[in-house]
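For the sequence shown, our numbering assigns the number 2 to the initial residue and increments by one for each residue that follows. The beta carbon of each residue, even a glycine, is placed where N, CA and C say it ideally should be. On a predicted model such as this, the values are computed, not experimentally measured, just so you know. Have a look at the structure below, then the notes.
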Amino acid sequence: MTRVLFLTRYPVEGASSRYRVFQYLKHLEALGVSAEVQSFMDTPMYRLSLAPGRTGAKIWATMRATVRRLWALRHWRQYDALYLQRELLPFGPPVIEAALKKQGAVLFFDYDDALFIKKASRYNRLATALRSPDKTRDLFRLVHCVVAGNNWLRDAAVAAGAERAETLEVAE
2 MTRVLFLTRY
12 PVEGASSRYR
22 VFQYLKHLEA
32 LGVSAEVQSF
42 MDTPMYRLSL
52 APGRTGAKIW
62 ATMRATVRRL
72 WALRHWRQYD
82 ALYLQRELLP
92 FGPPVIEAAL
102 KKQGAVLFFD
112 YDDALFIKKA
122 SRYNRLATAL
132 RSPDKTRDLF
142 RLVHCVVAGN
152 NWLRDAAVAA
162 GAERAETLEV
172 AE
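Written as structure tokens, this is what we have:
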């Protein structure tokens, strides 16, 4: 049985994670894939992220989420692949991803938005300040396979140096 750790940005309430990962879990299980999910944001943090203000609470929630994410990676060798729905952490360069790959982890990077274009978050100015379009391009070149939400995003990954890029369009 193939074991995959899905590292999503959002809990099931977040449309991006729901459409890119959660809706496929039953189907993957039927195909013999053991899928575990660890979401960076839990439900309370997700709700907090959509609220204006409360910067201190958002920083604290992000610190807790970072610890949870790193703790989830302690047994990464138990999995055949790590599937990053968006980036591993929503800030900083992809140093953890690079270290995991150097140690033999098989990495997938899934994205469905033009993350390589800097744009402001309508909910969180801090997130905007921490976001780097270069990180996305670095991930394109680092991972084993980019999984894009459409052909334009796939082609952007290839143009930025992705080793392999595939399109996974979600039917709604």
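Grouping DSSP H, G and I as helix and E and B as strand, with all else coil, what is residue i?
i    : result
Q104 : coil
A31  : helix
F7   : strand
A73  : helix
Y80  : coil
A158 : helix
E98  : helix
D113 : coil
L26  : helix
A52  : coil
Count the other CB atoms within 10 Å of the CB of residue i; is the residue buried (16 or more) or exposed (fewer)?
i    : result
A100 : exposed
V147 : buried
E98  : buried
M2   : exposed
R75  : exposed
A31  : exposed
Less than 7 Å separating the beta-carbons of residue i and residue j?
i    : j    : result
L89  : L108 : no
R4   : D111 : no
L140 : P95  : yes
R10  : R87  : yes
M46  : A66  : yes
V34  : F7   : no
A106 : W153 : no
P12  : T63  : no
Spatial neighbours of residue i within its chain, please: C-beta separation below 7 Å, excluding the five flanking residues on both sides.
i    : result
G162 : F141 and R142
K136 : E88, P94 and P95
L49  : R55, A58, K59 and A62
E180 : A query on residue 180 cannot be resolved here, the shown segment of the chain reaching from 2 to 173 and no further.
Q79  : R4
Can you check which of these residues, the options, is closest to residue i by C-alpha distance?
i    : options            : result
F41  : S18, N151 and Q104 : S18
D114 : Q79, P53 and A158  : A158
Apart from the five residues on each side of it in sequence, which residues of its chain come closer than 8 Å, Cβ to Cβ, to residue i?
i    : result
V144 : L85, E98, K102, L108, F109, F110, A163 and E164
L29  : V5 and A36
K27  : none
Identify, in the order they occur along the chain, each residue of the same chain with its Cβ nearer than 6 Å to the Cβ of residue i, setting aside the five sequence neighbours on each side.
i  : result
R1 : Residue 1 is absent from the structure shown; the chain starts at 2 and stops at 173.
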